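Novice:
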Amino acid sequence: MPEYVPRHDRPPYYSSLPSPPPSQNLPSPRYASPDLDPDQPYPWTRQGIAMSLHGEEESGDTAEYGTQNVEYSQEQYDAEAAAEEQAYATEAGPSRKRPRPIEGEPSYQNGHASSSRPSSGSSFQPRQRQQLAQPPRPLRIADMQIIPSFFGLAPRNEFTKRVGDFLMEYCRGQQNIEIEMKLGTVMAVANPSQQPQRVRMPTWSEMILPPDYPTGGFVANMLKHRNKQLNQLLNTAAAAAQTSPVPVRFFRARHTDSFHDSGRGDKVRVTRDRDNEDQVVAVIKKKRLSNLNVYNPNQALDWRVSVSIEEPCKSLLLNMNQADAVSGEMPSGPITMIREKDRACYQHQLCQVDLTVVTTKSPKTGQATGVSYELEIEILDVPTLIAEGEKEIQGLPNRFDEMLQSCLDTVRMLVRNVE
């Protein structure tokens with residue numbers, strides 16, 4: 006009969022396997038003791054079978070480990086049980102002797118609570134697993150604060166960043182900057198054999214066109230019914246905002262703009278009050294720096310971001326008696342175009358929305374040559390926006406993206422409410 010080694014002292018099955026090379030960086034295996042009570046005999050031993058059969062006779066229940074076809078005499082039970090007990094005592098040695106448990110207190114062997122050895126009249130009962138406490142119910146996603154990302158940070162919006170970089174490129178170090186966004190249509194390159202068409206791009210969402218992408222120009226015009234839709238939308242929003250911390254200021258403006266060629270590539274715009282043609286509101290020399298076209302495949306209109314320099318030649322309210330005082334400020338070049346504007350202005354916190362009906366007239370005959378419906382959004386405080394952009398470049402705390410995002414979202418809300 007081979008020498009008996011207690012199960013808890015047996016080496017693990019992998020003790021004879023060669024060690025893996027250190028370069029593999031594999032985790033070292035660990036031997037875990039079985040989840041059994043060491044003081045109870047194993048059910049597959051003869052002593053365990055005897056206890057089960059004896060308990061079945063007393064209780065009338067079916068033993069957990071069925072052995073109905075095995076028959077042993079009482080003398081065989083006692084002899085085999087005594088032999089196993091003697092073998093265990095001999096092999097364990099004095100250093101492995103189990104301590105006698107104190108009456109009324111459980112003993113612990115190998116991390117398990119043990120009980121005193123049962124008498125010959127008791128049946129083996131497998132230890133019941135401890136009932137674990139139910140884990141707390143996790144919060145629902147709807148009740149949790151949503152983390153911006155896996156890293157806990159929200160990346161900078163790429164669209165806003167691109168528009169911001171465009172503005173900072175052309176506005177840094179400049180004075181009298183005008184930033185405006187106009188609704189309209191980005192046209193495809195003209196084909197003499199076809200009617201003018203809107204550009205088509207392979208995208209499902211709004212898209213910034215590269216400045217060097219060939220287009221057929223930008224038409225800052227819309228249909229009359231769309232102008233009416235936007236007028237109703239803006240009126241409703243202005244009325245609802247009267248009780249907000251930042252109400253909308255509404256006013257009307259009726260002006261006539263005459264454009265003159267300065268001879269240096271700049272256009273000089275003279276603005277007069279339509280109700281009093283002799284009253285000059287402003288004389289502005291305007292120079293366009295750059296444009297950024299935004300294509301909207303899912304909407305009826307596109308839009309454009311424009312950066313210009315508007316240098317005032319004279320910002321005084323003039324009348325007939327003051328004409329001589331400003332004669333040197335008035336342009337001397339011929340009139341190239343006349344535009345009569347009937348404008349509804351909605352001024353908000355960061356921007357002003359101008360909904361305008363424009364009647365174009367011939368400078369020679371004074372006859373109307375066309376009517377257009379335009380909408381533009383002008384940023385009110387450009388110096389503050391550029392100052393925040395400088396902080397962004399320097400890595401300082403700023404509100405550049407927040408301010409710019411508000412203006413861009415105003416454009417998006419207008420575009421998405423046009424049919």
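Heads up, the sequence shown is in this note's numbering, so the first residue is 6 and it goes up one at a time. C-beta atoms are modelled at their ideal positions from N, C-alpha and C, and glycine is treated no differently. Only a predicted model underlies this, so the values are computations on that prediction, with no experimental measurement involved.
1. How is Met325 classed by DSSP in three states: helix, strand or coil?
2. Name the one or two DSSP bridge partners that Glu183 has.
3. Going straight from the alpha carbon of Gln352 to that of Val168, what length do you get?
4. Note down, in chain order, each residue of its chain lying with its Cβ closer than 8 Å to the Cβ of Ser431, except the 5 sequence neighbours on either side.
5. Count Cβ pairs between the stretch 279-294 and the stretch 356-364 that sit closer than 8 Å; are there 3 or more?
6. Taking the C-alpha atoms as reference points, what is the distance between Tyr260 and Leu235?
7. What is the DSSP secondary structure of Ile151, reduced to helix, strand or coil?
8. Hey, quick one: how far does the alpha helix (DSSP H) through Ser210 stretch, first residue to last?
9. What are the partner residues of Glu383, as DSSP defines its beta bridges?
10. Using CA coordinates, which residue listed in Glu211, Gly189 and Met173 is at the minimum distance from Gln399?
11. Do you know offhand how far Leu419's Cα is from Pro197's?
12. Would Val285 and Cys318 be called neighbours here (beta carbons separated by less than 8 Å)?
13. As a quick exercise: from Thr389, Thr341 and Asp347, pick the residue whose alpha carbon is nearest that of Thr370.
14. Assuming Pro216 contacts Val194 (C-beta within less than 8 Å), just tell me the rounded distance between them.
15. State the DSSP-derived secondary structure class of Leu390, mapped to helix, strand or coil.
16. Can you give me the C-alpha to C-alpha distance between Gln180 and Asn296, rounded to a whole angstrom?
17. Looking at C-alpha atoms only, which residue of Leu294, Phe156, Met227 and Asp148 is the closest neighbour of Cys176?
18. Give every residue of the same chain whose Cβ lies closer than 6 Å to the Cβ of Ala328, excluding the five residues on either side of it in the sequence, and list them in chain order.
19. Using a 10 Å radius around the Cβ and a threshold of 16 neighbouring Cβ atoms, would you call Glu407 buried or exposed?
20. Using 8 Å as the threshold, is the C-beta distance between Phe223 and Arg344 below it?
21. For Met192 and Trp209, I'd like the C-alpha separation in whole angstroms.
22. Using alpha carbons as the reference points, say which of Val275, Gly189 and Ile384 lies closest to Arg421.
23. Can you check whether the CB of Glu315 is closer than 8 Å to the CB of Glu183?
24. Use the C-beta contact count for Ser38: other C-beta atoms within 10 angstroms, 16 or more gives buried, fewer gives exposed.
25. Have a look at Glu424 and Pro143 and give me their C-alpha separation to the nearest angstrom.
26. On a CA-only basis, which of Leu409, Asn403, Leu158 and Leu306 is nearest Leu380? Give me that one, please.
27. Check whether the Cβ atoms of Thr389 and Val376 lie closer than 8 Å to each other.
28. Quick one: Cα of Asn298 to Cα of Gln139, how far?
29. Please report the Cβ distance between Val253 and Ala243, rounded to the nearest whole angstrom; I am assuming they are in contact, meaning their Cβ atoms lie under 8 Å.
30. For Ala243, which of helix, strand or coil comes out of DSSP?
31. Rounded to whole angstroms, what is the Cα-Cα separation between Arg161 and Val204?
32. Skipping 5 residues on each side, what residues in its chain have a beta carbon closer than 6 Å to that of Phe171?
33. Return yes when the Cβ of Asp262 is within less than 8 Å of the Cβ of Lys346, no when it is not.
34. Which residues in the same chain have their Cβ closer than 6 Å to the Cβ of Leu238, if we skip the five residues on either side of it in sequence?
35. Using DSSP's beta-bridge definition, name the partner residues of Gly375.
36. Leaving aside the five residues before and after Glu397 along the sequence, list all residues of the same chain whose C-beta is less than 6 Å from its C-beta, in chain order.
Specialist: Taking the coordinates as given:
1. Stepping through the sequence shown from its first residue, residue 325 is reached at position 320. Confidence at Met325 is low in this model, with a pLDDT of 34, below 50, so its placement is unreliable and no value can be given for it.
2. To locate residue 183, count along the sequence shown from 1; it is residue 178. Partner residues in the beta bridge of Glu183, as assigned by DSSP, are Ser313.
3. Taking the first residue of the sequence shown as 1, we reach residue 352 at position 347. Taking the first residue of the sequence shown as 1, we reach residue 168 at position 163. Approximately 22 Å between the Cα atoms of the pair.
4. The first residue shown for the chain is 6 and the last is 424, placing residue 431 beyond what the model contains.
5. No, the stretch 279-294 does not touch the stretch 356-364.
6. For this step, residue 260 is matched to residue 255 along the sequence shown. For this step, residue 235 is matched to residue 230 along the sequence shown. A small correction: the amino acid at residue 260 is His; Tyr does not occupy that position in the sequence shown. Their Cα atoms are separated by approximately 21 Å.
7. By 1-based counting over the sequence shown, the position of residue 151 is 146. In the structure shown, Ile151 adopts coil according to DSSP, grouped into three states.
8. Locating residue 210 in the sequence shown gives position 205, where the first residue counts as 1. Counting along the chain, no alpha helix (DSSP H) covers Ser210, and no H or E run does either.
9. As a first step, residue 383 is located in the sequence shown; it is residue number 378 there, counting from the start. According to DSSP, Glu383 bridges with Glu185 and Gln357.
10. To locate residue 399, count along the sequence shown from 1; it is residue 394. Looking at the Cα atoms, Met173 is the closest of the given residues.
11. Counted from its first residue, the sequence shown places residue 419 at position 414. Counted from its first residue, the sequence shown places residue 197 at position 192. Their Cα atoms are separated by approximately 33 Å.
12. Here residue 285 refers to the residue found at position 280 of the sequence shown. Here residue 318 refers to the residue found at position 313 of the sequence shown. No, the Cβ-Cβ distance between Val285 and Cys318 is not below 8 Å.
13. Within the sequence shown, residue 370 is the residue found at index 365, counting from 1. Thr370 has its Cα closest to that of Thr341, out of Thr389, Thr341 and Asp347.
14. On the sequence shown, position 211 is the one that residue 216 refers to. On the sequence shown, position 189 is the one that residue 194 refers to. Not confirmed; about 15 Å, so no contact.
15. As a working note, residue 390 is residue 385 in the sequence shown. In this structure, Leu390 counts as helix in the three-state DSSP scheme.
16. Position 175 of the sequence shown holds residue 180. Position 291 of the sequence shown holds residue 296. Near 18 Å, if we compare the C-alpha coordinates of Asn296 and Gln180.
17. Looking up residue 176 in the sequence shown gives position 171. Distance from the Cα of Cys176 is smallest, within the candidate group Leu294, Phe156, Met227 and Asp148, for Leu294.
18. Within the sequence shown, numbered from 1, the residue matching residue 328 stands at position 323. Residue confidence for Ala328 is low, a pLDDT of 44 falling below 50, so the modelled location carries little weight; the figure read from the coordinates is stated next. Hits under 6 Å: none found.
19. For the purposes of this step, residue 407 is identified with residue 402 of the sequence shown, where counting begins at 1. When all chains shown are included, Glu407 counts as exposed.
20. Taking the first residue of the sequence shown as position 1, residue 223 is located at position 218. Taking the first residue of the sequence shown as position 1, residue 344 is located at position 339. Not closer than 8 Å, so no.
21. For the purposes of this step, residue 192 is identified with residue 187 of the sequence shown, where counting begins at 1. For the purposes of this step, residue 209 is identified with residue 204 of the sequence shown, where counting begins at 1. Rounded to whole angstroms, Met192 to Trp209 spans 18 Å at the Cα level.
22. Counting from one through the sequence shown, the residue named residue 421 turns up at place 416. Looking at the Cα atoms, Gly189 is the closest of the given residues.
23. Here residue 183 refers to the residue found at position 178 when the sequence shown is read from its first residue. Here residue 315 refers to the residue found at position 310 when the sequence shown is read from its first residue. Contact flag set, yes.
24. Residue mapping note: residue 38 aligns to position 33 of the sequence shown, counting from 1. At Ser38, the pLDDT of 48 sits below 50, so the modelled position is not reliable; the number obtained from the coordinates is stated separately. By the 10 Å Cβ count, Ser38 comes out exposed.
25. Taking the first residue of the sequence shown as position 1, residue 424 is located at position 419. Taking the first residue of the sequence shown as position 1, residue 143 is located at position 138. One C-alpha to the other measures close to 45 Å.
26. The residue given as residue 380 occupies position 375 in the sequence shown. The option with the nearest alpha carbon to Leu380 is Leu306.
27. Along the sequence shown, one-based indexing puts residue 389 at 384. Along the sequence shown, one-based indexing puts residue 376 at 371. No; because the gap between Cβ atoms is not below 8 Å, this pair is not in contact.
28. The residue labelled residue 298 in the question sits at position 293 within the sequence shown. The residue labelled residue 139 in the question sits at position 134 within the sequence shown. Each residue's Cα considered, the two are about 59 Å apart.
29. Against the sequence shown, residue 253 aligns to sequence position 248. Against the sequence shown, residue 243 aligns to sequence position 238. About 4 Å; that satisfies the 8 Å criterion.
30. Here residue 243 corresponds to residue number 238 of the sequence shown, with the count starting at 1. Note: Ala243 maps to helix in three-state DSSP.
31. Counted from its first residue, the sequence shown places residue 161 at position 156. Counted from its first residue, the sequence shown places residue 204 at position 199. Each residue's Cα considered, the two are about 29 Å apart.
32. Taking the first residue of the sequence shown as position 1, residue 171 is located at position 166. So the qualifying residues of the chain are Leu297.
33. Position 341 of the sequence shown, counting from 1, holds the residue named residue 346. Position 257 of the sequence shown, counting from 1, holds the residue named residue 262. Yes. Within cutoff.
34. Your numbering for residue 238 matches position 233 in the sequence shown. Asn422.
35. Position 370 of the sequence shown, counted from the first residue, corresponds to residue 375. Answer is Thr365.
36. For the purposes of this step, residue 397 is taken as the residue at position 392 of the sequence shown. Taken in chain order, the residues that qualify are Asn403 and Phe405.
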